[in-house]
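To keep things clear, I will list the structure first and then write my remarks on it.
There are 2 protein chains.
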Amino acid sequence: MAATIRDVARASGVHVSTVSRTFSAPHLVNSETRNRVLAVAEDLGYRPNRAARALTTGRTHNIGLIVADISNPFFPPLIKAAQAHARARDYHVFVADTDEDPLVEEELIHTLAKQVDGVLLCSPRLSNRVIERLHADVPFVVVNRRVKGMPTILMDIGQGARLAIEHLAGLGHRRIALLSGPTGSWTSGEMCAAAAAAEGVEVVIMGPNAPTERGGLAAAAEVIGSGVTGVLAYNDLVAIGLIEGLYERGVRVPGEISVVGVDDIVSGRLNRPKLTTVAMPTAAAGRMAVDLLLHSFGDGATPTLATLETSLVVRESTGEAQK
Amino acid sequence: MAATIRDVARASGVHVSTVSRTFSAPHLVNSETRNRVLAVAEDLGYRPNRAARALTTGRTHNIGLIVADISNPFFPPLIKAAQAHARARDYHVFVADTDEDPLVEEELIHTLAKQVDGVLLCSPRLSNRVIERLHADVPFVVVNRRVKGMPTILMDIGQGARLAIEHLAGLGHRRIALLSGPTGSWTSGEMCAAAAAAEGVEVVIMGPNAPTERGGLAAAAEVIGSGVTGVLAYNDLVAIGLIEGLYERGVRVPGEISVVGVDDIVSGRLNRPKLTTVAMPTAAAGRMAVDLLLHSFGDGATPTLATLETSLVVRESTGEAQK
DNA sequence: TCAGGAACTGCAACCGGTTGCATGAAACAT
DNA sequence: ATGTTTCATGCAACCGGTTGCAGTTCCTGA
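Taken in order, these protein sequences are the chains called A and B.
Those letters in the first sequence? Residues 61 to 383, per this note's numbering, in order.
Those letters in the second sequence? Residues 61 to 383, per this note's numbering, in order.
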């Protein structure tokens with residue numbers, strides 16, 4: 061049906077190897093011949109078969125992108141950026157969702173390993189031990205998790221958490237809560253570390269919480285009971301859920317309790333009150349992760365670490381602490 | 061490096077074809093032999109190479125999923141469901157984003173065509189003519205667009221729009237606005253058709269609007285100027301943006317103007333006022349689209365049309381019309 | 001004038017599976 | 001005992017490219 065390299069060879073009177081080189085090593089073929097071959101190929105609508113190419117070269121020109129939950133609004137901008145960036149470099153992206161389940165994540169890596177040249181692991185829930193073991197099968201770039209000797213993109217959430225805590229402290233809050241995220245989340249760990257190191261404020265850690273608005277909703281009662289006046293939530297969804305839960309119980313934000321989220325998702329910007337939040341450079345992280353992965357194919361694996369800055373976006377969900 | 065079919069054959073003392081059949085046609089091989097081969101394969105960590113298999117069978121076991129904008133919260137639940145459903149059937153999914161650009165969409169289909177067994181086209185911006193032409197290259201299932209002779213999943217937005225309009229009419233609104241979506245959007249066309257057919261209410265159509273909250277924000281002035289008391293927006297993002305724009309101009313929702321969205325995205329549920337909206341069965345659509353596509357591989361292309369019902373979710377952004 | 005390259009191109013093996021056909025052995029019918 | 005199936009497996013060509021090697025032609029410089 062579709063034209064193959066042999067059809068093109070026949071129609072342009074050269075050997076298949078010449079056609080092959082026309083596409084994969086143009087400088088090795090005479091420009092006159094090359095143009096003729098290209099014209100014929102164009103005419104026949106020939107496109108190289110990537111599966112066949114993959115077979116001999118061992119390079120599929122595909123990459124895998126594994127996230128915990130596509131529906132979590134934190135990920136789509138990252139996926140979108142990574143996918144566009146990869147495509148511009150002639151790579152296609154398999155996107156897979158683990159449903160926050162480490163076992164699914166591991167199985168996914170296995171089945172994907174043979175089909176891709178490398179995998180972008182975003183906010184993995186797997187332990188470092190397992191990740192290191194799987195690394196033998198396929199190159200990784202890890203996003204939002206520190207794994208020894210592996211190319212890594214980090215969004216500096218520790219710094220973001222410090223910014224958020226200082227912001228609250230500056231508004232006079234003396235006792236604040238940290239709503240931590242899922243066990244196994246590096247992000248959550250970093251936030252807890254930042255909280256523990258905070259000076260001049262008492263930070264009580266609550267959790268783990270599901271990284272969804274339900275998780276935030278469910279935490280409302282405990283937050284009220286704890287007597288804090290400020291909250292740093294694991295992410296914006298949790299923050300929004302929490303605000304909802306507080307409203308239901310008649311507690312006003314930011315009047316009585318101030319809330320800071322993390323991620324700067326669209327919903328937060330549209331929420332009322334508009335969410336004060338730690339903005340994460342997700343699109344940049346997606347692009348950089350692709351770059352790092354493709355780069356790691358080239359030379360002999362230079363593990364690199366890139367840390368991207370986060371920033372605090374002050375909107376309406378935080379205010380002066382109540383006397 | 062990785063074990064191949066020949067390694068397994070050698071180690072288990074049979075010919076490669078027997079190993080091949082063990083995996084792709086188990087009933088053709090003696091159960092004793094089969095078990096031995098399976099044991100050896102397990103031992104060597106053998107996994108069939110899909111690229112090689114694709115080369116001979118012509119089936120890649122991959123499908124493409126093309127959406128206009130991954131960041132649009134309407135799509136992630138669909139992507140998530142489709143991806144999970146496909147994986148359970150041993151298919152992997154390439155996700156690609158066209159940035160709402162028909163040209164990118166066309167190019168994407170071309171480059172993907174050779175790499176996948178079929179493509180899920182979600183809310184395409186391409187004209188039917190072009191889609192029909194491209195259909196020669198690769199099987200499609202089209203979601204949210206009616207294309208003659210092609211397997212199609214429709215979410216009945218016409219019915220949803222009628223429900224929304226009746227809801228507004230029931231609340232006493234006599235003059236309402238329809239904020240239409242991008243040119244080329246089938247959904248938008250259906251909504252306009254439903255609006256034109258509405259009885260007992262006057263519907264003025266405004267647009268096209270960008271399918272984002274910016275689009276809604278930008279439409280606020282015109283909505284106020286038009287003297288309508290109710291609005292049906294192209295989607296929830298537009299609705300939320302519009303509400304924001306109305307607030308900025310001192311117009312209250314639902315006090316002075318009622319607003320209905322479409323999609324039932326999370327942000328709408330979390331918005332204040334909570335959005336009244338037409339809920340779309342996105343996850344079901346994703347699963348069904350995968351089923352239809354895989355089914356179409358089997359027999360001789362039975363174009364099927366599935367229409368999924370939509371429903372109106374009444375929340376807080378709609379109320380009695382002002383006298 | 002001739003050795004030594006450089007520039008092109010053809011040849012053929014190979015990547016890792018699949019599959020139609022042939023072979024041989026065992027099971028069955030007559 | 002002989003002919004016919006059925007079952008299990010081996011053989012080898014093939015899918016559509018890539019690539020090391022070798023051969024040819026032509027150019028260069030001594």
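Just so it is clear, CB atoms sit at the ideal spot from N, CA and C, and this is done for glycine as well.
At least one CB of chain B closer than 8 Å to the CB of residue i: is that the case?
| i | result |
| --- | --- |
| His152 (chain A) | yes |
| Pro242 (chain A) | no |
| Ile130 (chain A) | yes |
| Ile300 (chain A) | yes |
| Ile169 (chain A) | no |
| Ser327 (chain A) | yes |
| Leu231 (chain A) | no |
| Asn109 (chain A) | yes |
| Glu304 (chain A) | yes |
If I measure Cβ to Cβ from residue i and keep anything under 6 Å in the same chain, skipping five residues before and after, which residues do I get?
| i | result |
| --- | --- |
| Thr342 (chain B) | Pro137, Leu138 |
| Arg222 (chain A) | Ala254 |
| Leu292 (chain A) | Ala224, Leu238, Val320 |
| Leu214 (chain B) | Thr367 |
| Cys182 (chain A) | Val127, Val203 |
| Ala229 (chain B) | Gly260, Val261 |
Please classify residue i: does DSSP put it in a helix, a strand, or coil?
| i | result |
| --- | --- |
| Leu231 (chain A) | coil |
| Met348 (chain B) | helix |
| Glu308 (chain A) | helix |
| Ile217 (chain B) | helix |
| Ile169 (chain A) | helix |
| Ile317 (chain B) | coil |
| Ser72 (chain A) | helix |
| Leu372 (chain A) | strand |
| Ile303 (chain A) | helix |
| Thr398 (chain A) | The question about residue 398 (chain A) has no answer here: the residues shown for chain A are numbered 61 through 383. |
| Thr158 (chain B) | coil |
| Asp67 (chain A) | helix |
| Ile325 (chain B) | coil |
Quick check: is the beta carbon of residue i nearer than 8 Å to any beta carbon in chain A?
| i | result |
| --- | --- |
| Thr120 (chain B) | yes |
| Leu354 (chain B) | no |
| Ala114 (chain B) | yes |
| Ala280 (chain B) | no |
| Arg149 (chain B) | no |
| Pro86 (chain B) | no |
| Pro133 (chain B) | yes |
| Val74 (chain B) | no |
| Pro271 (chain B) | no |
| Val155 (chain B) | yes |
| Asn331 (chain B) | yes |
| Pro136 (chain B) | yes |
| Ile126 (chain B) | no |
| Ile123 (chain B) | no |
Leaving out five residues before and five after residue i in sequence, what residues of the same chain have Cβ atoms less than 7 Å from its Cβ?
| i | result |
| --- | --- |
| Ile265 (chain B) | Leu238, Ser240, Cys252, Ala255 |
| Asn122 (chain A) | Tyr151, His152, Phe154, Gln175, Val176, Asp177 |
| His75 (chain A) | Ala69 |
| Glu160 (chain B) | Ala128, Asp129, Arg185, Pro242 |
With 16 as the cutoff for other CB atoms within 10 Å, does residue i come out buried or exposed?
| i | result |
| --- | --- |
| Thr116 (chain B) | exposed |
| Asp150 (chain B) | exposed |
| Glu102 (chain B) | exposed |
| Asn269 (chain A) | buried |
| Ala381 (chain A) | buried |
| Ala146 (chain B) | buried |
| Phe357 (chain B) | exposed |
| Ser91 (chain B) | exposed |
| Asp323 (chain B) | buried |
| Glu273 (chain B) | buried |
| Asn331 (chain A) | buried |
Leaving out the 5 sequence neighbours to the left and right, which residues in its chain are closer than 8 Å to residue i when beta-carbon positions are compared?
| i | result |
| --- | --- |
| Ala142 (chain B) | Leu125, Val153, Leu180, Gly346, Arg347, Ala349, Val350 |
| Thr78 (chain B) | Ala69, Val89, Thr93, Val97 |
| Glu216 (chain A) | One point to set straight first is that residue 216 (chain A) is Asp, not Glu, in the sequence displayed. Taken in chain order, the residues that qualify are Thr367, Leu368, Glu369, Thr370. |
| Asp67 (chain B) | Leu104, Tyr106 |
| Tyr307 (chain B) | Val313 |
| Thr378 (chain B) | His227, Leu228, Leu231, Gly290, Pro314, Ser318, Val319, Val320, Thr336 |
- request: Would you mind listing the alpha helix (DSSP H) stretches within the stretch 79–150 of chain B that are 4+ residues and don't spill past its ends, in chain order?
  value: 91–104, 110–117, 135–148
- prompt: What alpha helix (DSSP H) runs, 4 residues minimum, are completely inside the stretch 268–301 of chain A?
  reply: Complete alpha helix (DSSP H) runs here, min 4: 273–286.
- request: Kindly provide the ranges of any beta strand (DSSP E) runs that are 3 or more residues long and lie completely inside the stretch 175–200 of chain B, ordered along the chain.
  value: 178–182
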